[in-house]
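Colleague:
Residue numbers (the numbering used here): 49 to 376.
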């Protein structure tokens with residue numbers, strides 16, 4: 049297959065875009081349709097009130113089709129996008145309560161609220177452990193420092209969301225808890241031996257990847273783990289995304305990157321090539337949430353990788369199957 053327009057339409061299905069403004073203009077709708085983009089993430093600046101937001105998500109679904117993935121970050125505590133629905137407690141508060149039934153009910157309540165606004169994917173709960181008091185970005189977003197307790201409460205929250213028909217996405221694999229740097233601003237390193245990573249950082253994600261009800265999706269961390277891969281951050285590491293997550297842990301859900309516009313990635317690798325590297329490494333979808341120019345660059349780079357064979361079509365078909373299952 050070498051028809052560029054068709055390759056772009058395949059590439060478009062592998063990215064999630066950020067939109068600007070509070071309504072879907074015709075130019076953006078045409079961009080979504082022409083490239084078959086099926087994923088959009090909305091932020092607080094896209095939201096005015098329930099009526100406006102429901103209209104916006106409805107227009108997105110009309111443009112992207114019934115298999116659209118319309119997402120937001122509605123974690124609770126400090127990280128909420130829609131502020132006029134009931135404010136959920138932070139993960140830290142739920143972890144302190146240590147009540148799985150309460151966590152289930154909170155997850156269900158959050159899902160009911162966002163589903164009513166037109167969302168079907170919530171980038172929550174956070175599975176990072178709160179094991180570094182100097183971490184500038186996790187803190188109250190974590191359910192706790194103990195892997196077993198934090199995971200039990202987080203997965204109860206996730207089960208509540210799933211019971212109301214909203215898919216969750218646990219984050220940030222393989223663990224953003226023990227960092228001193230915010231990956232929105234720079235590239236952190238977690239320089240721990242493998243045994244320690246296995247005991248702490250990995251534990252929540254390994255539990256979420258398996259069991260009777262595995263997480264439907266997992267978001268990657270823009271962090272270097274030298275004990276695993278000294279050359280690439282997890283988002284772009286075949287060793288981590290394929291070798292550990294897919295092959296060792298047999299995870300079958302969707303793997304999506306964190307925002308590729310974040311300084312940890314964009315300022316080091318460039319948006320297009322970083323997206324290709326992430327997909328080759330094992331991600332199913334990349335968050336191209338920068339400008340329209342960045343989104344165009346990302347689609348073009350993925351299409352070129354498909355044309356050259358750098359990104360094999362057989363692998364892409366598996367990615368599309370996982371994304372379709374998530375959207376179903």
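Just so it is clear, CB atoms sit at the ideal spot from N, CA and C, and this is done for glycine as well.
Go ahead and pull the three-state DSSP assignment for residue 55.
Modeller: The answer is helix: DSSP assigns residue 55 an H, G or I state.
Colleague: Near residue 212, what residues of its chain come up, given a Cβ to Cβ distance below 7 Å and the 5 sequence neighbours on each side ignored?
Modeller: Contacts found: 156, 159, 160 and 163.
Colleague: Is there contact between the segment 194-213 and the segment 272-281, where contact requires at least three CB pairs shorter than 8 Å?
Modeller: No, the segment 194-213 is not in contact with the segment 272-281.
Colleague: Scan the segment 57-122 and note each continuous alpha helix (DSSP H) run of 4 residues or more that stays entirely inside, going in chain order.
Modeller: Entirely contained in the segment 57-122, the alpha helix (DSSP H) runs reaching 4 residues are, in chain order, 74-82 and 98-112.
Colleague: Assess contact between the segment 114-128 and the segment 138-145, defined as three or more Cβ pairs (one per stretch) separated by less than 8 Å. Is contact present?
Modeller: The segment 114-128 vs the segment 138-145: in contact.
Colleague: Over what stretch of residues does the alpha helix (DSSP H) that includes residue 206 continue unbroken?
Modeller: Here the alpha helix (DSSP H) through residue 206 covers 195-211.
Colleague: Specify the secondary structure class of residue 317 as computed by DSSP and reduced to three states.
Modeller: Of the three classes helix, strand and coil, the one that applies to residue 317 here is helix, per DSSP.
Colleague: For the segment 281-336, list the alpha helix (DSSP H) runs that are entirely contained and at least 4 residues long, ordered along the chain.
Modeller: Runs of the alpha helix (DSSP H) inside the segment 281-336: 311-317 and 319-329.
Colleague: Determine, using beta carbons only, whether residue 63 and residue 87 come nearer to each other than 8 Å.
Modeller: It is a contact, given that the beta carbons lie within the stated cut-off.
Colleague: With a threshold of 16 other CB atoms inside 10 Å of the CB of residue 270, please say whether the residue is buried or exposed.
Modeller: Classification of residue 270: buried, given that the 10 Å Cβ count is 16 or more.
Colleague: Below 8 Å CB to CB, which residues in the same chain sit around residue 301 once its five sequence neighbours on both sides are set aside?
Modeller: Answer for residue 301: 257, 262, 263, 264, 265, 266, 370 and 374, listed in chain order.
Colleague: Give the secondary structure of residue 214 by DSSP, where H, G and I count as helix, E and B as strand, and everything else as coil.
Modeller: Residue state, collapsed to three classes: coil.
Colleague: Need the endpoints of the beta strand (DSSP E) that residue 268 sits in, please.
Modeller: Taken as a continuous stretch (DSSP letters only), the beta strand (DSSP E) holding residue 268 covers 265-268.
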